[in-house]
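Asker: Below you will find the structure I want to go over with you.
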Amino acid sequence: MQQNELIAPGQVWLVGAGPGDPDLLTRKAEKLIAAAEIVFYDALVGPGVLDLIPEGVERVSVGKRSGRHSKAQESINDLLLAAAKAGKRVVRLKGGDPSVFGRSAEEMEHLAADGISFRICPGITTASAAAASGHASLTLRGVARGLTLVTAHLKAGEPLKLDWETLARPGGTLGIYMGRAAAGEISRQLIAAGRDPETPVMVAVNVSLPSERLIRGKLSALAFLVATISDEDPTLLLIGEAVAGTAMPGEVAASVALQA
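Okay, so the sequence shown: first residue is 1 according to full-length UniProt numbering, each after it adds one.
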């Protein structure tokens with residue numbers, strides 16, 4: 001099968017670009033990027049991934065960042081539809097996995113309403129990549145029997161409404177996407193709902209990129225841990241006993257002072 005046969009003319013592929021490092025792309029994702037005639041990409045797609053787009057392929061930035069949306073979701077839906085109707089081989093690159101806070105359902109529904117064929121290529125979500133970088137596990141026998149992923153992204157002026165009692169239950173790992181701005185409230189609400197203030201946390205910034213930072217501490221200090229992180233840096237919060245991680249032989253934890 002030739003590369004361009006992976007995508008039929010007028011078909012849309014929603015492709016997971018992973019957390020940023022092009023080496024964490026699936027082989028299928030790389031093949032689809034090479035087969036595209038037009039690529040729509042998010043702001044969180046890593047520069048190394050964008051470098052894989054062949055010369056001559058049309059690139060369209062539809063990047064959305066918290067508080068600064070360059071394209072409304074409805075506009076993105078219409079752009080995908082128009083490109084497919086023009087008979088182009090379309091790739092929609094989404095940071096992480098398209099089905100994890102990627103709003104893929106809205107795009108698929110819009111395409112399906114017009115009879116446009118679409119498919120999904122999954123990607124590595126940031127929580128998995130962050131745990132790997134931190135030598136940690138998202139689940140751990142006898143310690144973390146489950147994993148809950150939530151987003152703290154809100155429209156301006158909206159309160160953060162989450163089921164705090166459920167999220168505060170011990171015995172699981174909590175991954176909070178886009179949680180930097182709400183870190184103080186997250187800490188207060190979880191502790192008020194019964195989560196141990198000493199619960200380990202890992203703040204993962206720019207996961208898998210050369211500028212990656214992993215900051216460890218405890219739940220009660222979460223607001224302090226994120227204080228030096230820029231608004232521009234994508235940030236994930238991992239909370240739970242399993243994310244304490246295992247130090248490599250000879251490794252000294254850089255965040256010991258933050259845990260005191």
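Every residue, glycine too, gets a C-beta built ideally from N, C-alpha and C.
Considering Cα atoms alone, identify which of Leu162, Asp97 and Leu214 is closest to residue 278.
Answerer: The structure shown does not extend to residue 278, since the chain is modelled only from 1 to 260, so the question has no answer here.
Asker: Taking its Cβ as the centre, do 16 or more other Cβ atoms sit within 10 Å of Ala72, making it buried, or is it exposed?
Answerer: exposed
Asker: Which class does Lys31 belong to by DSSP, given the choice of helix, strand or coil?
Answerer: helix
Asker: Identify the continuous alpha helix (DSSP H) that holds Ser211 and give its terminal residues.
Answerer: Here Ser211 belongs to no alpha helix (DSSP H), and DSSP marks it neither H nor E.
Asker: Grab the span of the beta strand (DSSP E) containing Ile116 for me, first residue to last.
Answerer: No beta strand (DSSP E) contains Ile116, which DSSP labels as neither H nor E.
Asker: Is the beta carbon of Leu24 sitting closer than 8 angstroms to the one on Ser104?
Answerer: no
Asker: Could you spell out where the alpha helix (DSSP H) holding Thr26 opens and where it closes?
Answerer: No alpha helix (DSSP H) holds Thr26; DSSP gives it neither H nor E.
Asker: Kindly indicate which three-state DSSP category residue 262 falls into: helix, strand or coil?
Answerer: Shown here, the chain extends from 1 to 260; a query on residue 262 therefore has no answer.
Asker: Less than 8 angstroms separating the beta-carbons of Arg119 and Glu37?
Answerer: no
Asker: Using beta-carbon positions only, say whether Pro200 and Val243 come within less than 8 angstroms of one another.
Answerer: yes
Asker: Secondary structure at Pro200, three-state DSSP: helix, strand or coil?
Answerer: strand
Asker: How long is the line joining the alpha carbons of Thr125 and Ala86, rounded to whole angstroms?
Answerer: 31 angstroms
Asker: Could you say if the stretch 133-141 and the stretch 47-60 meet the contact criterion of at least three C-beta pairs nearer than 8 angstroms?
Answerer: They do not touch, by the three-pair rule.
Asker: Compute the beta-carbon to beta-carbon distance between Gly123 and Arg145, rounded to the nearest angstrom, for a pair I have assumed lies under 8 angstroms.
Answerer: Their Cβ separation, rounded to whole angstroms, is 26 angstroms, which puts Gly123 and Arg145 out of contact at 8 angstroms.
Asker: State the DSSP-derived secondary structure class of Glu158, mapped to helix, strand or coil.
Answerer: coil
Asker: Exposed or buried, what is Ala227 when buried is set at 16 or more other beta-carbons lying within 10 Å of its beta-carbon?
Answerer: Exposed, by the Cβ-count rule.
Asker: Measure the alpha-carbon distance for Gly198 versus Leu222 and round it to whole angstroms.
Answerer: The question names Gly, but residue 198 is Glu in the sequence shown. If I take the Cα positions, the gap works out to 11 angstroms.
Asker: Look up Thr235 in the DSSP assignment and say whether it is helix, strand or coil.
Answerer: strand
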